[in-house]
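*Asks:* Quick one: this structure, given as structure tokens, is what I'll be asking you about.
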Amino acid sequence: MDSRAVLLSSAGTRRATAPAWEESGMGQTPNAVRDLVLANHILAREDVLDAFGHVSIRDPENPEQYLIARARSPEVVEEADILRFTLDSNPVDPASPASYSERVIHGALYQLRADIGAVCHFHAPAIMPFCITGREIVPVSHLGATVGPIHRWSSRTDFGATNLLVASPEEGLSLGRAMGADFAVLLANHGGVVAGRTLKEAVFRTIQLCRNAELQIASLQIGDIDPLTDREIELAGEFNLRAPVLDRAWDYWSRRAGEDYRATASLRAVAG
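Under full-length UniProt numbering, the sequence shown has 52 at position 52, and the numbering climbs by one with no breaks.
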């Protein structure tokens with residue numbers, strides 16, 4: 001079968017008929033598309049993504065492919081923007097619109113780790129001081145424990161001076177290897193990458209990494225920090241990743257993101 005098979009959607013030109021995944025009997029892909037759009041809005045609302053950064057999900061019906069938006073700011077991503085890529089980050093449909101140049105990060109992690117079901121790359125201000133100084137982010141709160149060990153990767157190590165974008169398959173794989181068997185890595189002078197076994201898990205980990213970084217910086221203004229022990233990280237992290245906890249957080253963030261999105265859509269309709 002040709003690996004460039006079907007484009008999920010094309011945002012540049014709207015189809016005259018409903019996209020195929022809106023038909024009944026199409027399995028889990030429609031839910032994955034809707035959840036991925038919502039994840040974009042949540043992460044934008046929670047100050048993880050702004051005009052830049054991206055989040056993806058492994059296709060639940062084909063683990064050798066993943067879904068990610070075309071090159072668009074996450075806050076305005078819609079279902080019609082979601083595209084499908086092979087794990088080598090080639091578009092399934094060669095006529096699809098351009099997606100993010102750093103999508104190779106996502107493809108590389110899906111290639112290296114069969115347990116990873118979602119990936120987020122971001123440049124949140126909360127983590128950037130740690131990316132720039134090399135100081136470690138350490139879990140300092142019960143929710144911060146969810147992130148687990150946080151590794152560090154510098155493009156200089158394997159590739160020398162670059163424009164800092166992770167845009168080649170080799171760079172993506174190098175970064176993915178730095179994450180090891182864990183779920184978070186900071187990119188020197190650039191940003192972060194967080195993964196999860198599910199989309200909800202990846203979103204939860206990503207937001208809590210940023211919250212933990214904010215708490216760590218604020219605490220250092222007062223005095224020395226008292227980080228969690230390895231056993232505390234293990235126990236708290238396991239509890240926080242239980243389905244009721246993830247669902248509770250997802251519902252909260254969904255409501256916040258949904259209200260913002262509806263308000264923005266209303267303003268656009270009035271302006272139009």
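Cβ coordinates follow ideal geometry from the N, Cα and C atoms, glycine included.
Model, not experiment: these values are computed from the prediction.
In chain order, what are the residue ranges of uninterrupted beta strand (DSSP E) at least 3 long that sit wholly in the stretch 71-149?
*Replies:* Runs found: 82-86, 118-122.
*Asks:* Tell me where the alpha helix (DSSP H) around His-54 begins and ends.
*Replies:* On the sequence shown, residue 54 is found 54 positions in, with the first residue counted as 1. No alpha helix (DSSP H) holds His-54; the beta strand (DSSP E) holding it covers 54-58.
*Asks:* I'd like to confirm the pairing. Which residues does DSSP put opposite Ala-184 in its beta bridges?
*Replies:* The count along the sequence shown starts at 1 and reaches residue 184 at position 184. Answer by DSSP bridge pairing, in chain order: Ile-150, Val-194.
*Asks:* Helix, strand or coil for Ala-161 per DSSP?
*Replies:* Taking the sequence shown and counting its residues from 1, one reaches residue 161 at position 161. Looking at Ala-161 - three-state DSSP - the assignment turns out to be coil, as it is neither helix nor strand.
*Asks:* Kindly indicate the opening and closing residues of the beta strand (DSSP E) around Gln-216.
*Replies:* As a working mapping, residue 216 is identified with position 216 in the sequence shown. Gln-216 -> not in any beta strand (DSSP E); alpha helix (DSSP H) instead, spanning 199-220.
*Asks:* What are the boundary residues of the beta strand (DSSP E) that includes Ala-69?
*Replies:* Position 69 of the sequence shown holds residue 69. Element bounds for Ala-69: 65-69.
*Asks:* Let's test the definition: count the other Cβ atoms within 10 Å of the Cβ of Phe-183 and tell me whether it reaches 16, buried, or not, exposed.
*Replies:* If you number the sequence shown from 1, residue 183 lands on position 183. Looking at its Cβ environment, which holds 16 or more other Cβ atoms inside 10 Å, Phe-183 is buried.
*Asks:* Are Leu-109 and Arg-84 touching if we call contact CB-CB under 8 Å?
*Replies:* Translated into positions along the sequence shown, residue 109 becomes position 109. Translated into positions along the sequence shown, residue 84 becomes position 84. Contact: no.
*Asks:* Would you decide whether Gly-196 is buried or exposed? Buried here means 16 or more other CB atoms lie within 10 Å of its CB.
*Replies:* Numbered from its first residue, the sequence shown carries residue 196 at position 196. Burial call: buried.
*Asks:* Using alpha carbons as the reference points, say which of Asp-81, Asn-40, Gln-111 lies closest to residue 276.
*Replies:* Absent from the structure is residue 276, since the part of the chain shown begins at 1 and ends at 272.
*Asks:* Could you give the C-beta distance for Ala-118 and Arg-34, rounded to a whole number, given that I count them as a contact under 8 Å?
*Replies:* As a position in the sequence shown, residue 118 is number 118, starting the count at 1. As a position in the sequence shown, residue 34 is number 34, starting the count at 1. In fact, because the Cβ distance is near 14 Å, the residues do not count as touching under 8 Å.
*Asks:* Any contact of the stretch 213-223 with the stretch 167-180, i.e. 3+ C-beta pairs under 8 Å?
*Replies:* Judged by Cβ distances under 8 Å, the stretch 213-223 makes no contact with the stretch 167-180, as fewer than three pairs qualify.
*Asks:* Grouping DSSP H, G and I as helix and E and B as strand, with all else coil, what is Thr-29?
*Replies:* Working through the sequence shown from its first residue, we reach residue 29 at position 29. Helix, per DSSP.
*Asks:* For the alpha helix (DSSP H) containing Gly-172, list its first residue and its last residue.
*Replies:* As a position in the sequence shown, residue 172 is number 172, starting the count at 1. From DSSP, the alpha helix (DSSP H) with Gly-172 extends over 169-179.
*Asks:* Once you ignore the five residues that flank Thr-162 on each side, which residues in its own chain have a CB closer than 6 Å to its CB?
*Replies:* For this step, residue 162 is matched to residue 162 along the sequence shown. Around Thr-162: Ser-155.
*Asks:* Alpha carbons only, please: which of Phe-122, Asp-88, Glu-78, Ala-71 is nearest the one belonging to Pro-97?
*Replies:* Translated into the one-based positions of the sequence shown, residue 97 becomes position 97. Comparing Cα positions, the closest option is Ala-71.
*Asks:* How is Glu-238 classed by DSSP in three states: helix, strand or coil?
*Replies:* As a position in the sequence shown, residue 238 is number 238, starting the count at 1. Note: Glu-238 maps to helix in three-state DSSP.
*Asks:* Would you report the Cα separation of residue 281 and Arg-113, rounded to the nearest angstrom?
*Replies:* Beyond the ends of the chain as shown, which are 1 and 272, falls residue 281; an answer cannot be given.
*Asks:* Going by beta carbon distance, what residues of the same chain come within less than 8 Å of Arg-135, once the five residues before and after it are set aside?
*Replies:* For this step, residue 135 is matched to residue 135 along the sequence shown. Cβ within range, chain order: Pro-129.
*Asks:* Report back the beta-carbon spacing between Phe-122 and Gly-53 to the nearest angstrom; my notes put them in contact at under 8 Å.
*Replies:* The count along the sequence shown starts at 1 and reaches residue 122 at position 122. The count along the sequence shown starts at 1 and reaches residue 53 at position 53. Contact flag correct, Cβ pair sits at about 4 Å.
*Asks:* Mind checking whether Ala-249 and His-142 have CB atoms under 8 Å apart?
*Replies:* Taking the first residue of the sequence shown as position 1, residue 249 is located at position 249. Taking the first residue of the sequence shown as position 1, residue 142 is located at position 142. Result no, Cβ atoms of Ala-249 and His-142 do not sit closer than 8 Å.
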